[in-house]
């Protein structure tokens, strides 16, 4: 056994038995410090013959590196042990709840309006708006509903109060979104493609009616738009909106003063165990009214009916929201019951778009 | 509009089954709202005979009957069934009505099952009329004459097997308010043949003692034609059973033959008529405008007071009828009537609608006249009704008396067979188009089509197209793609305001608010609390006292919602709404608001003490987040000019010059009390449209300038008067060196009693941290000293602040 072997054995033993970092540092100083045993031996190399120096030098270097590595490993080991010991004391009950954070919701009416917008934007429809207090001209006359037309009575209109001496016909709370057709055509002329979602008002309150609800109006005017185009647009809309592979619509003759011909539109569906399925089954569900815009309506909006023609439709937003999302009661839409808002509402980042699908 | 199948078949020769007729009606635009087919409900109840009735072995009041039944009709073999029956009249030989096992009994709502009653089997039921819901008779089971045909369906025997159909007639189709009009549509569709309706005038045997005159002014518009005649020597008893049954099945109460005949014409032919008792009329009948104040006791038992201009029929003594709307009680026909004056008139729809609405009378006559009856059928209807009165009540008819003339409704429109395909998109051969129009009563001459007198709704070419498409059936319409308005990727279509509305909504939800949609109208008291409730925004005919005024602000609706939720046990909430508010009652006096309301605590109780009452700074932070989302600039002014529903000391308004963008703060405690909300409650309102749009819209961002030089932060604690606002300090500090100072932030406030104890009465401390970002060289201690001194000086000058020792 050489002297270096002895030295090695001594320090390796000292390193492994050092109990803490301070003891380890003492060992380091004793071996590798300025006046450490190995450092001193390195210094002696200068006095050796070149051959001796070569062998002893290399051996000393190896020894120094080995001790250094051993010191580092021991230091890491001690640190790890210390951390382990600390972590053992740092136990927390992770079954406690996380810090509270409020989760907001988007109202189904807003969500469905955003869905409508996404679908119709793709077909080139802009979003038009109009006032909710309307003159009776925009709400009725311009839409081919003259003052004594029986349809006026069927609208259950809310009227605004008139000041004494103001002899104008009273303004109304718009009974439908159709007056936006007139305003949009007056502003933009033809050709035009718009939808107009918004609040409408009728004097009706019972199980299935509220005095305020939401409609969306659709209007497309061009030189040769026909009712067949209307049917296609509605089919495309329903397929996209209800997120089903295919839909079947049925047009039924009906009457609206502002369209001619007019049709009520039914969608094929089934009701099984209270579950509505669109696009299958033997049932038909009325979902909207539509038709070709009446020449008188075009004329009232300043569009020449001899040159332009097109379709219009109107549908209940609350109603299609109820159908799509299985919401049972219309009245609850406007009651702001937190339980309802949280259950039927949508997350802020659930932005409907066609690329990702309308609903999650 | 309700009618029966047999009534329809009076006008329509058809073999089509009920289902097909119902489907076709709906498809033609007459939406069927209900069908009641007695066969479906009562078809299983058949006539039977009790072979033998014996006492029940175990029950005194029950009888054990052997019953001969014909489950498969009278022509199939009979079957004997054992039935236990409790009716007192159950006896051997009784001819009654039997319901087999499996039948639903409408009167009891029970489905019959095989049963064991007191130990004896019973398979079916002997029925009373009440169990069939045919009458209230339940004294015993039905007891028919010996010769009643065994095995026949009871409804056939009783003559109550006529299905009733109820359709919704759209307001443009008055002809659909008569059974014959519907029959005509069905015939045009190909469901049968419209039977002819021959009109043979009844010769007048004497001059009518009752004359008629229309006031000159009314002949122009209100009443173009009034005709009638006297029929004397009638006997006005009950009408025949078939007529009574028909009226009953459509929901009308039979009254007397004369009245029933008028109702029969109203429903069958859309020809309302009226009958006066001649004995109760003084002199002739005069159709005139009311002077105002006249009173009339009408047939509904109510007295109506007329306004000037409303139309009346009066005799020489008094008003006798609300023209075209409802007859008078005093001149009405009774069982004693022997001489009757039959009226058939054409009334102007608009005048009738206005009067009917003003008097709030709903009658079958008003309903039809205001939609428009066939003016050309006024006289034929009179003749047909005369004939029926003579047939059913006897008597003899006078000559017809009339004033006015049938108004001319003749008109014609260009009929272009190509329009159907260009407007509707359906290919229908021209010959078929012509057949359809003719079947509907149109007259075709060359390029022109003249609508029949009973179709006031047809007013142009598009209506011709509609008739053709409707009769051909819109179900045949095939969709055709609508080409894109322009090729390529669609352009964005939302307006900047619409985009901002979306951004506000999504941001609010992301901040944890639950979006509400509340009514646009609120109660007057709440409206007044928020600066509204004026006459201009009052709804003339509100549906409830809680919805009388258009809302001036979104807060009242949200506060009411908060109160309702608190009543349900939810103390804390974050609610928001984005919607219109109304400054006035003119179109356009409407503005978009986005409002958030925080009530109660910031969080539920938790192990970390997160819960604290919400305060004005919560509202401010959220308001700023929404403002940023809708594109408001980073720097805005904050003032204390807020409306009265905010806490005067704990609220602020955010603006840009004179432009108000938002208000935030604590809701005034008085408001909370009025609206029953348990506080604290803080809120904010953003006026989305007031946020200015960027002058130039470009997606390019300004270049990001980053410095490699070390930034330095220095803290300053100032002592100031308690009333000094932090922003004044921040702005003053910022102004000390605009190039070097990157940001100034308040990081501490020390105020209240403890602070005053340390720093003197009326004082507080505010601590700022200032971040210095050099751009050309590293800051030396000297540089920092210099800028620090300047900051202290500026702040001191602006606010009188001193550095806290």
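Chains as they are written, first to last, in UniProt numbering: chain W, 1 to 360; chain V, 1 to 805. Each residue gets a CB set at the ideal place from its N, CA and C atoms; glycine is no exception.
What is the rounded straight-line gap between the Cα of residue 277/V and the Cα of residue 192/V?
-> 41 Å
Neighbourhood of residue 281/W by C-beta, 8 Å cutoff - its chain only, sequence neighbours within 5 removed = 268, 269, 270, 271 and 272
What residues of chain V sit near residue 336/W, judged by a beta carbon separation below 9 Å?
-> 514, 516, 517, 518, 557, 558, 560, 561, 562, 564, 565, 575 and 577
Taking only the alpha-carbon atoms, compute the straight-line gap between residue 261/W and residue 340/W and give it to the nearest angstrom.
-> 40 Å
Can residue 310/W and residue 221/W be called in contact, C-beta distance under 8 Å?
-> yes
Residues of the segment 216–235 of chain W whose Cβ lies closer than 9 Å to any Cβ of chain V, in chain order | 220, 222, 224, 225, 226, 227, 228, 229, 230, 231, 232, 233, 234 and 235
Check the DSSP bridge columns for residue 304/V and list the partner residues they point to.
-> 296/V
Spatial neighbours of residue 326/V in its chain, beta-carbon cut-off 8 Å, leaving aside the 5 residues before and after | 298, 299, 300, 361, 363, 365 and 366
Contact set between the segment 94–107 of chain W and chain V, restricted to residues whose Cβ is under 8 Å from the partner = 96, 97, 99, 100, 101, 102, 103, 104, 105, 106 and 107
Roughly how far, in whole angstroms, is the beta-carbon of residue 174/V from the beta-carbon of residue 373/V, given that I think they are within contact range, below 8 Å?
-> 6 Å
Whose CA, out of 218/V, 616/V, 770/V and 380/V, lies closest to the CA of residue 343/V?
-> 380/V
Should residue 181/W be flagged as near chain V, meaning a C-beta pair shorter than 8 Å?
-> no
Report yes if the CB atom of residue 623/V is closer than 8 Å to the CB atom of residue 600/V, and no otherwise.
-> no
Could you list the residues in the segment 479–500 of chain V with a C-beta less than 8 Å from some C-beta on chain W, going in chain order?
-> 479, 480, 481, 482, 484, 485, 486, 490, 492, 493, 494, 495 and 498
For residue 223/V, does the three-state DSSP call read helix, strand or coil?
-> coil
Pick out the complete alpha helix (DSSP H) segments inside the segment 548–614 of chain V, 4 residues or longer, and give them in chain order.
-> 555–567
Hey, quick one: how far does the beta strand (DSSP E) through residue 255/W stretch, first residue to last?
-> 249–256
Would you decide whether residue 66/W is buried or exposed? Buried here means 16 or more other CB atoms lie within 10 Å of its CB.
-> exposed
Pick out the complete beta strand (DSSP E) segments inside the segment 155–215 of chain V, 3 residues or longer, and give them in chain order.
-> 164–168 and 212–214
Look up residue 304/W in the DSSP assignment and say whether it is helix, strand or coil.
-> coil
In chain V, which residues lie less than 8 Å from residue 127/W when you measure between Cβ atoms?
-> 493, 494, 495 and 498
To the nearest angstrom, report how far apart residue 627/V and residue 634/V are at their CA atoms.
-> 9 Å
Under 7 Å from the C-beta of residue 508/V: neighbouring residues of chain W = 104
Is the shortest distance between the beta-carbon of residue 205/W and the beta-carbons of chain V less than 8 Å?
-> yes
Would a check of beta-carbon distances place residue 352/W closer than 8 Å to chain V?
-> no
For residue 7/V, which three-state DSSP category applies?
-> helix
Skipping 5 residues on each side, what residues in its chain have a beta carbon closer than 7 Å to that of residue 509/V?
-> 515
Minimum C-alpha distance to residue 11/V - residue among 350/V, 660/V, 267/V and 643/V | 267/V
Starting from the beta carbon of residue 81/V, find every residue of chain W whose beta carbon is closer than 8 Å, and list them in chain order.
-> Near residue 81/V there are no residues of chain W at all, since even the closest Cβ is about 36 Å away, more than 8 Å.
So, does the CB of residue 254/W fall closer than 8 Å to a CB anywhere in chain V?
-> yes
Relative to chain V, which residues along the segment 252–277 of chain W have a C-beta separation below 8 Å, given in chain order?
-> 252, 253, 254, 255, 257, 260, 261, 262, 263 and 264
Taking residue 129/V as the reference, which of 195/V, 42/V and 718/V has the closest Cα?
-> 42/V
At 4 residues or longer, and completely inside the UniProt domain "FDX-ACB" (707–804) of chain V: list those alpha helix (DSSP H) runs for me, N to C.
-> 726–734, 753–759 and 781–799
Can you tell which of 6/V, 14/V and 26/V has its C-alpha closest to the C-alpha of residue 475/V?
-> 26/V
Would you mind sorting residue 337/V into buried or exposed? The rule is 16 or more other CB atoms within 10 Å of its CB.
-> buried
Interface positions of the segment 520–545 of chain V facing chain B (Cβ-Cβ less than 9 Å), listed along the chain | Within the model displayed, chain B is absent; protein chains W and V are what it includes.
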